[in-house]
Amino acid sequence: MSKNTERKAIDKVFILLGSAATLTLVVVGALAWYGYTFATNMVSSQLAAQKIYFPTKDSEAFVSLPEADQNAIAPYAGQQLVTGNQARVYADNYIGSHLNHIADGKTYSEVSEEAMKNPDDKALAGKKAALFQGETLRGILLGTGYAFWTFGMIAKYVAFAAFGGAIIMAVLVLLGKGHLAKLK
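Numbering-wise, the working numbering puts 17 at position 17 of the sequence shown, and it's gapless, one number per residue.
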């Protein structure tokens with residue numbers, strides 16, 4: 001077998017492998033893009049259906065927050081909550097801030113334990129209920145809204161990387177075909 005024949009065989013193998021890698025990267029990119037659009041569209045539609053709005057900057061709900069929470073919420077003031085990032089800010093800096101004031105920073109489990117020891121204490125029962133509802137909403141926003149939104153955004157970057165890799169591999173395959181054509 002001549003050197004030229006060996007070189008052609010090697011080029012054909014690399015062209016075939018490069019073509020398979022290109023196709024694989026396109027499929028991975030398409031699946032990741034689907035994951036991105038599914039996750040972010042689902043989160044947005046579910047959040048939009050809840051009709052939750054950030055307080056406006058001139059509202060009592062806004063100005064009563066600590067300065068750090070106001071600064072976090074300010075970019076979204078008056079907007080409807082429809083993205084995962086908004087869900088995180090609303091959960092941590094709006095609901096979380098309010099929850100800290102209900103029972104002097106105590107958690108639901110701490111207040112619940114106290115309420116079990118004092119079953120006739122109506123004020124404590126009210127704090128327990130408010131903390132339960134607030135922590136539940138906060139957990140849903142963080143666990144469903146923010147977490148799945150983040151998964152979607154990761155899928156978006158995977159799609160970009162896969163498509164970029166597919167373009168590079170396609171260029172290499174074309175260069176390989178050009179090199180093979182010169183050997184004939």
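Beta carbons are placed, not taken as given, at the ideal position from N, Cα and C, and that holds for glycine. If you're wondering where the values come from, they're calculated on a predicted model, not measured in any experiment.
| said: Which same chain residues end up closer than 7 Å to Thr22 when comparing Cβ atoms and leaving out the 5 residues on each side of it in sequence? | reply: Ala166, Met169, Ala170, Val173
| query | By Cβ distance below 7 Å, which residues in the same chain neighbour Thr150 in space, the five residues on each side in sequence not counted? | reply | Gly84
| query | If you draw a straight line from the C-alpha of Leu25 to the C-alpha of Gly152, how long is it? | reply | 18 Å
| Per-residue burial, Gly18 [other beta carbons within 10 Å of its own, 16 or more giving buried] | buried
| Tell me which same chain residues have a C-beta within less than 6 Å of the C-beta of Lys156, skipping the five on either side of it? | Tyr36
| message | On the CB-based measure, 16 or more other CB atoms within 10 Å of its CB, does Asp69 come out buried or exposed? | response | buried
| request: Put Gln70 into one of helix, strand or coil per three-state DSSP. | output: helix
| task | Just list the alpha helix (DSSP H) runs in the region 110 to 166, keeping only unbroken ones of 4 residues or longer that don't cross its boundaries, in chain order. | result | 122 to 140
| task | Express the C-alpha separation of Leu31 and Phe38 in angstroms, rounding to a whole number. | result | 10 Å
| field | C-alpha distance - Leu65 paired with Met42, whole-angstrom precision | value | 30 Å
| the region 137 to 144 contacting the region 86 to 97, beta-carbon criterion three pairs below 8 Å | yes
| Just checking my contact of Phe62 with Ile52 at CB under 8 Å: how many whole Å lie between their CB atoms? | So it is not a contact: roughly 15 Å between Cβ atoms.
| task | Would you tell me roughly how many angstroms separate the C-alpha atoms of Phe14 and Leu47, rounded to the nearest one? | result | 48 Å
| Local Cβ density within 10 Å of Val29, reported as buried at 16 or more and exposed below that | In the sequence as displayed, the identity of residue 29 is Gly instead of Val. Label assigned to Gly29: buried.
| query | Does DSSP classify Gln80 as helix, strand or coil? | reply | strand
| Are there 16 or more other CB atoms within 10 angstroms of the CB of Gly78, so buried, or fewer, so exposed? | exposed
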